[in-house]
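Note that this note's numbering numbers the first sequence so that position 154 is 263, with each residue one more than the last. Glycine residues also receive a C-beta, built at the ideal position from the N, C-alpha and C atoms. Please read these numbers as outputs of a predicted model, since none were measured by experiment.
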Amino acid sequence: MGLKIFNTLSRKKEPFATEVEGQVRMYVCGPTVYDQAHIGHAMSSIVFDVIRRYLEYRGYQVRHVMNYTDVDDKIIVRARELGQDPIQLAQHFVEQYDRHLQELNILPPSVRPRVSSEIDGIVGMVKGLIEAGHAYRVNGDVYFDVEHDPDYGKLSGRKVEEMLAGARLEIDERKRNPADFALWKAAKPGEPSWDSPWGRGRPGWHIECSAMSRRHLGDQIDIHGGGNDLIFPHHENEIAQTESLTGRQFSRYWVHNGMMQLNGDTMSKSTGNMLPITEFLQQHEADVLRLIVLNSHYRSPLAFSSEIAEAAANGLERLRSAFKPAETSGAGEAGPAEQNLTEAVATTQAEFAAAMDDDFNTPKALGSLFDLVRSINLARDGGAGQPALQAAQQQLRELAGVLGLRLAAGTVPDPRLAALVEMLVEIREELRAAEQWGLADRIRQRLADQDILLEDGKHGTRWRQG
RNA sequence: GGCGACGUAGCCAAGUGGUAAGGCAGGGGUCUGCAAAACCCUUAUGCGCGGGUUCGAAUCCCGCCGUCGCCUCCA
Numbered sequence: 110m111g112l113k114i115f116n117t118l119s120r121k122k123e124p125f126a127t128e129v130e131g132q133v134r135m136y137v138c139g140p141t142v143y144d145q146a147h148i149g150h151a152m153s154s155i156v157f158d159v160i161r162r163y164l165e166y167r168g169y170q171v172r173h174v175m176n177y178t179d180v181d182d183k184i185i186v187r188a189r190e191l192g193q194d195p196i197q198l199a200q201h202f203v204e205q206y207d208r209h210l211q212e213l214n215i216l217p218p219s220v221r222p223r224v225s226s227e228i229d230g231i232v233g234m235v236k237g238l239i240e241a242g243h244a245y246r247v248n249g250d251v252y253f254d255v256e257h258d259p260d261y262g263k264l265s266g267r268k269v270e271e272m273l274a275g276a277r278l279e280i281d282e283r284k285r286n287p288a289d290f291a292l293w294k295a296a297k298p299g300e301p302s303w304d305s306p307w308g309r310g311r312p313g314w315h316i317e318c319s320a321m322s323r324r325h326l327g328d329q330i331d332i333h334g335g336g337n338d339l340i341f342p343h344h345e346n347e348i349a350q351t352e353s354l355t356g357r358q359f360s361r362y363w364v365h366n367g368m369m370q371l372n373g374d375t376m377s378k379s380t381g382n383m384l385p386i387t388e389f390l391q392q393h394e395a396d397v398l399r400l401i402v403l404n405s406h407y408r409s410p411l412a413f414s415s416e417i418a419e420a421a422a423n424g425l426e427r428l429r430s431a432f433k434p435a436e437t438s439g440a441g442e443a444g445p446a447e448q449n450l451t452e453a454v455a456t457t458q459a460e461f462a463a464a465m466d467d468d469f470n471t472p473k474a475l476g477s478l479f480d481l482v483r484s485i486n487l488a489r490d491g492g493a494g495q496p497a498l499q500a501a502q503q504q505l506r507e508l509a510g511v512l513g514l515r516l517a518a519g520t521v522p523d524p525r526l527a528a529l530v531e532m533l534v535e536i537r538e539e540l541r542a543a544e545q546w547g548l549a550d551r552i553r554q555r556l557a558d559q560d561i562l563l564e565d566g567k568h569g570t571r572w573r574q575g
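So this is what it looks like as structure tokens:
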């Protein structure tokens, strides 16, 4: 049983085979940095982080490139509105997104290239396309000639002729074909621009990813990813450019995540229908967003709501419930409780891998984790000892880690707070011993009001922050 | 108009021919001084609707209804 991945190119699940044995080269389209990122961007980054983590778990060495588009019409417009320098504005949001990656427990991509520092590679590629006859110059602009690419449309399933009929945008008379797209745009006054053989200008949107992918990963890569809104025209055009130039298949697998929706509509920076990552993280911990993403398949659309956030927060608590220590103080006897647990650990591992092997079926993989949680809690209640329990907990922690869940306690308690709570717990123990229930319950209630929850067990009282 | 998805319990969601995972919420119980937590039981004779194929369909085919995405910047 090997790993299978749904390839947008074939619209089928295909067995995963990399070009170079044991190595994965993965390029994922990152955000255009003209505004703060929303949880839809986070979803995409989380999805590909999980893919990367699982590939690494399976023993692949992964080189992961994620780009920042820091030269773009929208950035220029926004910068003008704010009276700022476009490159500096972009820099600000790049830094913010880098922080988000960290907060969301996303492994840092191996490389995070930006358009503004890759101009030479882009110019070189455009030059190559012109020389090979795939692109043509119109004044200071350069366009890709789709008629020169017999395969054009293979990713999105479109045909050049059909697109003409449905074309809603104004046709630029200077293009040979309305579907032709800009590789290089002549500079306008006040815009960032660079020298090129065609005069000063800046890259078109699609060429950057072709050039950066090629520079950092080579002519052929294993996985190219992004949101499914990028299939057309962005990824279609990337394929056209790269393959016209190299004569080789660009990416072996095209992987696209579904869109996150808010209020019944796709999140979009331009329409303002969005929930910024910053805002989400003010209300929830990062694992909550990750659990929301993991709970539905990455290719499906995901409708965000406060209800699912609450459900995910509660689900997280359940996962954490498995990490409570044994009820018995000794090593415990290898009774039926421990034996069942040992079996559960083995089946969980197998089920988890089988689910993930099937096009990263994270909802199913999560199911196996929840099953293990039940087994652990059951074994604890059944008197399993600490060593057996810890082995199972270790398994759970490892597999949750493959999904990027930290499962750490929500917040690290402040030592002074901990000392105070423990003092109150101690006093309350004495009150309980003296059957002073009224006072004991009052302490518990007042602490609960501060989100400090007391749980009286057989072997003393535990507390945690809610 | 063109292309493509999707519609599974109160909610989220897996399942693509063999008789409905998992989570959240709800109900009952065990434990507990009472709680909480944990555990046990419970909540879809049915998977948008109507036909068809099959020994057998949520899963395949046809039609209908509904929701959404892309076709234009978008993760």
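Backbone CA spacing between residue i and residue j [nearest angstrom]
{"i": "residue 389", "j": "residue 412", "result": "15 Å"}
{"i": "residue 152", "j": "residue 539", "result": "49 Å"}
{"i": "residue 571", "j": "residue 155", "result": "33 Å"}
{"i": "residue 212", "j": "residue 239", "result": "43 Å"}
{"i": "residue 488", "j": "residue 447", "result": "6 Å"}
{"i": "residue 503", "j": "residue 524", "result": "26 Å"}
{"i": "residue 658", "j": "residue 493", "result": "In this structure the chain extends from 110 to 575, so residue 658 is not present and cannot be described."}
{"i": "residue 563", "j": "residue 329", "result": "57 Å"}
{"i": "residue 296", "j": "residue 512", "result": "45 Å"}
{"i": "residue 312", "j": "residue 231", "result": "7 Å"}
{"i": "residue 509", "j": "residue 166", "result": "12 Å"}
{"i": "residue 275", "j": "residue 463", "result": "Any reading at residue 275 needs caution, since the residue's pLDDT is 44, under 50, leaving its predicted position unreliable; the model's value is listed next. Distance between the alpha carbons of residue 275 and residue 463 is about 43 Å."}
{"i": "residue 435", "j": "residue 515", "result": "21 Å"}
{"i": "residue 127", "j": "residue 361", "result": "8 Å"}
{"i": "residue 392", "j": "residue 417", "result": "13 Å"}
{"i": "residue 568", "j": "residue 552", "result": "19 Å"}
{"i": "residue 475", "j": "residue 149", "result": "21 Å"}
{"i": "residue 556", "j": "residue 387", "result": "29 Å"}
{"i": "residue 543", "j": "residue 453", "result": "42 Å"}
{"i": "residue 301", "j": "residue 233", "result": "19 Å"}
{"i": "residue 374", "j": "residue 473", "result": "26 Å"}
{"i": "residue 574", "j": "residue 433", "result": "14 Å"}
{"i": "residue 251", "j": "residue 422", "result": "51 Å"}
{"i": "residue 285", "j": "residue 343", "result": "20 Å"}
{"i": "residue 459", "j": "residue 287", "result": "52 Å"}
Reference residue i; option with closest CA among the options
{"i": "residue 199", "options": "180, 558, 207 and 189", "result": "180"}
{"i": "residue 299", "options": "193, 205 and 450", "result": "193"}
{"i": "residue 289", "options": "123, 190 and 345", "result": "345"}
{"i": "residue 431", "options": "285, 485 and 348", "result": "485"}
{"i": "residue 177", "options": "163, 449 and 144", "result": "144"}
{"i": "residue 403", "options": "495, 257 and 478", "result": "478"}
{"i": "residue 262", "options": "185, 352 and 323", "result": "352"}
{"i": "residue 428", "options": "397, 408, 495 and 122", "result": "397"}
{"i": "residue 96", "options": "162, 369, 235 and 131", "result": "The shown model of the chain, from 110 to 575, leaves out residue 96, and the question about it has no answer."}
{"i": "residue 183", "options": "377, 522, 529 and 419", "result": "377"}
{"i": "residue 559", "options": "526, 260 and 458", "result": "526"}
{"i": "residue 124", "options": "444, 342 and 331", "result": "331"}
{"i": "residue 141", "options": "191, 420, 131 and 206", "result": "206"}
{"i": "residue 225", "options": "310, 480 and 237", "result": "310"}
{"i": "residue 249", "options": "420, 304 and 406", "result": "304"}
Check whether residue i and residue j have beta carbons under 8 Å apart
{"i": "residue 111", "j": "residue 468", "result": "no"}
{"i": "residue 169", "j": "residue 333", "result": "no"}
{"i": "residue 293", "j": "residue 118", "result": "no"}
{"i": "residue 336", "j": "residue 315", "result": "no"}
{"i": "residue 246", "j": "residue 307", "result": "yes"}
{"i": "residue 264", "j": "residue 196", "result": "no"}
{"i": "residue 471", "j": "residue 133", "result": "no"}
{"i": "residue 505", "j": "residue 482", "result": "yes"}
{"i": "residue 501", "j": "residue 425", "result": "no"}
{"i": "residue 243", "j": "residue 254", "result": "yes"}
{"i": "residue 384", "j": "residue 209", "result": "no"}
{"i": "residue 367", "j": "residue 414", "result": "no"}
With 16 other Cβ atoms within 10 Å as the buried cut-off, status of residue i
{"i": "residue 456", "result": "exposed"}
{"i": "residue 532", "result": "exposed"}
{"i": "residue 174", "result": "buried"}
{"i": "residue 278", "result": "Residue confidence is low: residue 278 scores 47 on pLDDT, short of 50, so the model does not pin down where it sits. No coordinate-derived value is stated."}
{"i": "residue 507", "result": "exposed"}
{"i": "residue 201", "result": "exposed"}
{"i": "residue 350", "result": "buried"}
{"i": "residue 536", "result": "exposed"}
{"i": "residue 496", "result": "exposed"}
{"i": "residue 317", "result": "buried"}
{"i": "residue 325", "result": "buried"}
Assess contact between the stretch 212-230 and the stretch 158-172, defined as three or more Cβ pairs (one per stretch) separated by less than 8 Å. Is contact present? Cβ pair count under 8 Å is three or more, so yes.
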